[in-house]
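A.B. asks: Residue numbering for the sequence shown follows the working numbering, starting at 215 and increasing by one per position. Right, I'll just put the structure down here and ask away after.
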Amino acid sequence: MAKSIPKDFIDRLVEDSDIVSVINHYVSLSKKGNNYTCCCPFHEEKTPSFVVSPQKAIFHCFGCGAGGNVLTFIKDHEGLSFVEAVEKLAELNNVTVPRENTFGNNDFSKIHEINEFVANYYFEALKDQKNKSIVEYLKERGISGQTAKNFKIGFADFNQNELLKILQSKFSEKEILESGNFLKNDKGFYPFLRNRVTFPIFNSSGKTIGFGGRVTDDSLPKYLNSKDSKFFNKTRELYGFNNAKKDHKTDDFIVTEGYMDVVMLSEYGINNAVASLGTAFSQNHMSSMFKLRRKITFCFDSDEAGLKAAWRAFQISLKNVIDDKTVRFLFLPEGYDPDSFVKEKGEQEFYKKLDRAMVLESFAFQYLKRGKKLDSPEDIRQIIFEFKKLLPLVTSEMLKETLMTKFSSELNINKEILMKEDRPEKKTYVKKVLKSKKAAFENEFLLLIFLLENHKNSINDLSQEFFKFIETTKRDEITSFQEVINQIKTENSTRKESPLFAKAMMIDLNLSQDEVISEFIRASDAIRLEFDELFAEYLIILANKKELSQQRKENLQKLLNLRDNNSIQEEELIQNLNTYS
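Following this line, the structure appears as structure tokens:
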């Protein structure tokens with residue numbers, strides 16, 4: 215039985231938190247008037263556009279659009295889940311998170327505590343003179359003391375009786391065994407990792423959930439990972455992910471094949487690399503990364519094993535590359551992996567290779583044409599046959615189009631041959647139009663949020679009709695706006711986590727009551743004319759009854775005259791307004 219966090223505690227925690235102090239824990243803020251500013255931690259910039267308002271308890275970046283309350287900042291900056299962000303905020307405020315009993319997952323806090331203790335013990339073992347040869351081994355591999363500290367790299371000796379005694383004095387036998395760090399047979403306890411360099415594995419919130427161990431000689435297996443359990447699943451976890459997601463200097467993740475690749479890239483200042491834990495790359499891995507970044511580069515060895523691993527990653531990518539998400543593939547020269555390449559060639563040469571990584575379409579063609587001749591009709595048929603097997607895996611119609619264009623061009627084959635007749639192309643262009651409409655009305659969205667939040671009493675009667683429209687409309691392009699408006703109506707505190715709400719609260723307007731009413735009518739009319747198909751008919755009725763003010767009539771005329779492709783009802787409304795007096 216898991217325990218959830220009471221909502222009233224979360225609301226109180228956010229309310230009691232000093233957003234300036236919390237954000238200042240991560241970045242250096244400078245006071246500017248009533249607000250605080252700095253260069254945005256979520257994107258590269260030279261001129262500060264990141265603003266924190268202590269009065270409104272929100273932040274907003276006018277460069278990239280990031281925004282929300284103190285929980286939003288922690289969640290986005292550290293790449294945490296909502297619950298993990300609450301726990302982190304509570305930790306920063308030095309308060310204990312209360313829990314309510316609910317059915318769900320087990321509480322693994324004791325396991326995390328054991329693993330953290332073991333990780334520190336292994337790390338401290340490197341300071342023991344008897345393990346000097348291990349330190350020399352790490353140095354020979356190019357790992358500095360600081361990098362070892364950053365990843366908490368350590369050493370598990372053959373004899374770990376001292377560690378076992380300490381754990382037995384602090385934890386139960388069941389907890390020690392469940393952690394997986396020690397096993398038990400007829401002779402008693404024995405350590406899972408022995409005579410191995412240790413690499414602690416952290417989950418997304420920084421908890422130690424397992425270990426990887428590497429031998430320093432030719433023993434087998436070379437690598438050994440903690441066994442899968444309820445709290446540690448190799449298909450979900452990535453080595454280095456907790457560190458990589460905090461690197462805000464880059465906009466992508468680099469996926470490598472091993473721990474040492476991740477560690478050595480970090481040694482040279484490349485901190486956005488991750489590695490799978492001795493298992494094939496999975497859908498869970500890709501989902502975790504695409505939640506935080508829009509670009510993933512796979513960097514595998516150019517041998518047969520590396521190519522097969524890349525092909526599996528490619529097939530998973532086909533389901534996930536949509537909109538602006540991208541996947542690339544980098545194969546280093548034969549005999550190199552990221553570890554050896556960056557040590558010999560340096561950081562800049564590695565970045566040059568990254569810039570020339572193959573796009574997904576090129577990798578697909580290069581992989582399928584291996585060992586085949588493009589002047590052989592038989593080989594071309596084989597390539598087309600394998601290519602068509604990929605198409606059902608593709609989610610994005612745009613990606614399907616670019617793949618077919620690539621293969622059609624390279625094989626000199628009509629694209630129609632590659633297309634499946636029962637899968638017509640979706641109207642991607644329509645989506646672009648809808649996005650542009652959303653952007654075109656952002657100012658109205660922000661103004662209405664500002665007015666409804668700060669002047670609810672002045673527009674109470676007018677807002678009821680607008681709320682009805684918000685509740686009934688099903689237009690995808692205003693979903694985020696709808697959510698904030700509904701949260702304002704119900705006084706739901708989660709509205710303050712929205713970047714859209716945060717941006718609206720940055721509006722600095724001092725309006726009279728008449729101006730509030732006038733601006734609300736103008737902005738809401740603009741939104742409803744665009745997104746409410748019945749609104750024009752409603753306005754025609756008001757015009758016929760002479761119930762429109764002169765100012766509203768003039769505003770409507772301006773809106774309609776600036777629009778393209780007015781409907782029949784809107785043309786009728788224009789005629790009514792032109793004769794309206």
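From the three backbone atoms N, C-alpha and C, an ideal C-beta is built for every residue, glycine too. Only a predicted model underlies this, so the values are computations on that prediction, with no experimental measurement involved.
Could you tell me which residues DSSP pairs with LYS289 in its beta bridges?
C.D. replies: Beta-bridge pairing links LYS289 to no other residue.
A.B. asks: Below 8 Å CB to CB, which residues in the same chain sit around GLY279 once its five sequence neighbours on both sides are set aside?
C.D. replies: Cβ neighbours of GLY279 beyond the five flanking positions: PRO713 and LYS717.
A.B. asks: State buried or exposed for LYS213, treating a residue as buried only when at least 16 other CB atoms are found within 10 Å of its CB.
C.D. replies: Because the chain spans 215 through 795 in this model, residue 213 falls outside it and cannot be assessed.
A.B. asks: Going along the chain, which residues of its own chain have a beta-carbon closer than 8 Å to the beta-carbon of VAL234, five neighbours each way excluded?
C.D. replies: Closer than 8 Å at Cβ, skipping near neighbours: LEU243, TYR250, VAL266 and PRO268.
A.B. asks: For MET503, which option in ASP465, PHE514, TRP525 and ASP537 has the closest C-alpha, if you only look at C-alpha atoms?
C.D. replies: Answer by Cα proximity: ASP465.
A.B. asks: With a cut-off of 8 Å, do at least 3 Cβ pairs link the stretch 721-734 to the stretch 274-294?
C.D. replies: No: fewer than three Cβ pairs fall under 8 Å.
A.B. asks: According to the Cβ coordinates, are LYS559 and SER490 closer than 9 Å?
C.D. replies: Against a cut-off of 9 Å, the Cβ pair of SER490 and LYS559 comes out as no contact.
A.B. asks: GLN764: which of ASP225, VAL541, LEU791 and LEU438 sits nearest, CA to CA?
C.D. replies: Ranking ASP225, VAL541, LEU791 and LEU438 by Cα distance to GLN764 puts LEU791 first.
A.B. asks: Report all residues from its chain with a CB closer than 8 Å to the CB of PHE369; omit the five preceding and five following residues, and keep chain order.
C.D. replies: Same-chain partners within the cutoff: TYR336, ALA339, LEU340, ASN345, ILE348, ARG410, VAL411 and THR412.
A.B. asks: For the stretch 430-443 against the stretch 474-489, do three or more pairs of beta-carbon atoms, one drawn from each stretch, fall closer than 8 Å, so that the two count as touching?
C.D. replies: Result no; under three Cβ-Cβ pairs closer than 8 Å.
A.B. asks: My understanding is that VAL284 touches SER218, with C-beta atoms under 8 Å, so please give their C-beta distance in whole angstroms.
C.D. replies: That pair is no contact at about 20 Å.
A.B. asks: Below 9 Å between beta carbons: does that hold for ILE754 and LEU787?
C.D. replies: Yes. Within cutoff.
A.B. asks: Do three or more CB pairs link the stretch 438-448 to the stretch 369-380 at distances below 8 Å?
C.D. replies: No, they do not touch.
A.B. asks: Use the C-beta contact count for ALA494: other C-beta atoms within 10 angstroms, 16 or more gives buried, fewer gives exposed.
C.D. replies: So ALA494 counts as exposed.
A.B. asks: Mind checking who ASN510 pairs with in its DSSP beta bridge?
C.D. replies: It should be noted that the sequence gives Ile, not Asn, for residue 510. According to DSSP, ILE510 bridges with PHE467 and VAL541.
A.B. asks: Do the CB positions of LEU582 and ILE597 come within less than 9 Å of each other?
C.D. replies: Yes, Cβ-Cβ distance for LEU582 and ILE597 is below 9 Å.
A.B. asks: Distance check for LYS522 and ASN628, CA to CA, integer angstroms please.
C.D. replies: Taking the straight line from one Cα to the other gives about 29 Å.
A.B. asks: Which term fits GLY318, buried or exposed, when burial requires 16 or more other beta carbons within 10 angstroms of its beta carbon?
C.D. replies: Confidence at GLY318 is low in this model, with a pLDDT of 48, below 50, so its placement is unreliable and the value that follows should be read with caution. When all chains shown are included, GLY318 counts as exposed.
A.B. asks: DSSP on LEU452, reduced to helix/strand/coil?
C.D. replies: Residue state, collapsed to three classes: strand.
A.B. asks: Helix, strand or coil for ASN792? Go by DSSP, reduced to three states.
C.D. replies: The answer is helix: DSSP assigns ASN792 an H, G or I state.
A.B. asks: Rounded to whole angstroms, what's the CA-CA distance from ALA527 to LEU613? Just pull it up for me.
C.D. replies: Distance between the alpha carbons of ALA527 and LEU613: 16 Å.
A.B. asks: Taking C-alpha atoms, which residue in GLU354, GLU392 and GLU784 lies nearest to PHE322?
C.D. replies: It is GLU392.
A.B. asks: Restricting to Cα atoms, I'd like to know which of ILE684, THR693, GLU387 and ARG766 is closest to ASP746.
C.D. replies: Closest by alpha carbon: ILE684.
A.B. asks: If you reduce the DSSP assignment to three classes, tell me which class THR422 lands in.
C.D. replies: Strand, per DSSP.
A.B. asks: Report the CB separation of TYR421 from HIS274 in whole angstroms; it is logged as a contact under 8 Å.
C.D. replies: Sequence check: residue 421 is Lys here, not Tyr. The Cβ separation is near 31 Å, so there is no contact.
A.B. asks: Can you name the residues that DSSP bridges to HIS239?
C.D. replies: For HIS239, which the question treats as bridged, DSSP gives no partner whatsoever.
A.B. asks: Checking the sheet assignment: what are the DSSP bridge partners for ASN249?
C.D. replies: DSSP, once it has assigned bridges, lists LYS246 as partnering ASN249.
A.B. asks: Report buried or exposed for LEU748, applying the criterion of at least 16 other Cβ atoms within 10 angstroms of its Cβ.
C.D. replies: Exposed: under 16 other Cβ atoms inside 10 Å.
A.B. asks: Do you know offhand how far ILE415's Cα is from ARG450's?
C.D. replies: Cα-Cα distance, rounded: 12 Å.
A.B. asks: Just the C-alpha distance for TYR404 and PHE331, rounded to the nearest angstrom, thanks.
C.D. replies: Going by the C-alpha atoms only, they are around 17 Å apart.
A.B. asks: What's the call for ARG402, buried or exposed, on a 16-neighbour Cβ count within 10 Å?
C.D. replies: In the sequence under discussion, the amino acid at residue 402 is Gly, which differs from the Arg named in the question. The residue in question, GLY402, is exposed, as its Cβ has fewer than 16 Cβ neighbours within 10 Å.
A.B. asks: Which same chain residues, not among the five before or five after LYS703, have their C-beta less than 6 Å away from its C-beta?
C.D. replies: Excluding sequence neighbours, LYS703 sits near PHE681.
A.B. asks: Hey, out of LEU377, ALA304 and LYS459, whose CA is closest to ASP225's CA?
C.D. replies: Residue ALA304 is the option with its Cα nearest to ASP225.
A.B. asks: I need the straight-line Cα distance from PHE564 to PHE555, nearest angstrom please.
C.D. replies: The alpha-carbon atoms of PHE564 and PHE555 are separated by roughly 7 Å.
A.B. asks: Could you name each continuous alpha helix (DSSP H) segment of 4 residues or more that falls completely within the stretch 385-412, going from the start of the chain to the end?
C.D. replies: Taking only runs of at least 4 residues, the alpha helix (DSSP H) segments lying wholly in the stretch 385-412 are 387-393.
A.B. asks: Please name the residue, chosen from LEU438, SER386 and PHE514, that lies closest to ASP553 on a Cα-to-Cα basis.
C.D. replies: Out of LEU438, SER386 and PHE514, PHE514 has the C-alpha closest to the C-alpha of ASP553.
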